[in-house]
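> Dropping the structure in here first, questions after.
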Amino acid sequence: MIWDEVGESPLAAASLKFMPPWGRNFAFRHKLLGTRSYRDLLRATPLFGVIAVRDRYDRAQCMGAGRIWQRAHLLATARHLAGRPVNEAVELIDHQRSLNQELQAIAELSEFIGEKEWQPTFMFRLGDPVRQVAPSPRRRVNDVLL
Numbered sequence: 649m650i651w652d653e654v655g656e657s658p659l660a661a662a663s664l665k666f667m668p669p670w671g672r673n674f675a676f677r678h679k680l681l682g683t684r685s686y687r688d689l690l691r692a693t694p695l696f697g698v699i700a701v702r703d704r705y706d707r708a709q710c711m712g713a714g715r716i717w718q719r720a721h722l723l724a725t726a727r728h729l730a731g732r733p734v735n736e737a738v739e740l741i742d743h744q745r746s747l748n749q750e751l752q753a754i755a756e757l758s759e760f761i762g763e764k765e766w767q768p769t770f771m772f773r774l775g776d777p778v779r780q781v782a783p784s785p786r787r788r789v790n791d792v793l794l
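One gets this note's numbering by counting positions in the sequence shown from 1 and adding 648 to each.
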């Protein structure tokens, strides 16, 4: 997780980067950090979006969904809006499937979007930034071309 983007103060975000996983778990469990719940964050979000596809496991459709998010996020940034994925609910589908549990998450998400033929594959939030943050690190094109 990129700790600069979770809504903590700059000091808390820096602390999270240096904490071992057990320390972060302890801090979140005892509400020393991350005092706002996931649901509170979504309720406080001016715009919440879902990108859905016909088949969540089709690679081409997933790549297309990723491209839509990239373009939407770049456009939002150009308009001085903050955006971030909130994909935990979508990830819960695979988690439930891997544990052979009842797939409650997919049923709830399908009801949420109102379409049984479309499957949510990416969720995000957008809104006015509450503080200035450092830009995401970028690599040169030559560093990523094969």
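Every residue gets a Cβ at the ideal spot worked out from N, C-alpha and C, and that includes glycine.
The structure displayed is predicted, hence computed values, not measured ones.
#1: Tell me the rounded alpha-carbon separation between glycine 731 and threonine 725.
#2: Quick one: does the C-beta of asparagine 673 sit closer than 7 Å to a heavy atom of the ligand FMN?
#3: Can you name the residues that DSSP bridges to arginine 771?
#4: Here's the rule I'm using: 16 or more other beta-carbon atoms within 10 Å means buried, otherwise exposed. How should glutamine 621 be labelled?
#5: Would you be able to state if there are at least three C-beta pairs under 8 Å between the region 667 to 675 and the region 741 to 757?
#6: Alanine 782 by DSSP, collapsed to three states: which one?
#7: Whole angstroms are fine: how far does the CA of leucine 723 sit from the CA of aspartate 742?
#8: At 4 residues or longer, and completely inside the region 690 to 761: list those alpha helix (DSSP H) runs for me, N to C.
#9: Less than 8 Å between the beta carbons of leucine 757 and alanine 737, yes or no?
#10: Check arginine 787 in the structure and name its three-state DSSP category.
#11: Per the contact definition of three or more C-beta pairs closer than 8 Å, is the region 703 to 713 in contact with the region 763 to 780?
#12: For the alpha helix (DSSP H) that proline 658 lies in, which residues bound it at each end?
#13: So the candidates are Arg727, Asn790, Val698; which of them puts its Cα closest to the Cα of proline 777?
Taking the coordinates as given:
#1: Separation of glycine 731 and threonine 725 (C-alpha to C-alpha, rounded to the nearest whole angstrom) is 8 Å.
#2: You won't find the ligand FMN in this model; it holds no ligand whatsoever.
#3: A small fix is needed here, since residue 771 is methionine in this sequence, not arginine. DSSP lists Val698 as partners of methionine 771.
#4: No information on residue 621 is available, as it lies outside the stretch 649 to 794 that the chain covers here.
#5: no
#6: coil
#7: 30 Å
#8: 707 to 726, 736 to 746, 752 to 761
#9: yes
#10: The answer is coil: DSSP assigns arginine 787 none of H, G, I, E or B.
#11: yes
#12: 658 to 666
#13: Comparing Cα positions, the closest option is Arg727.
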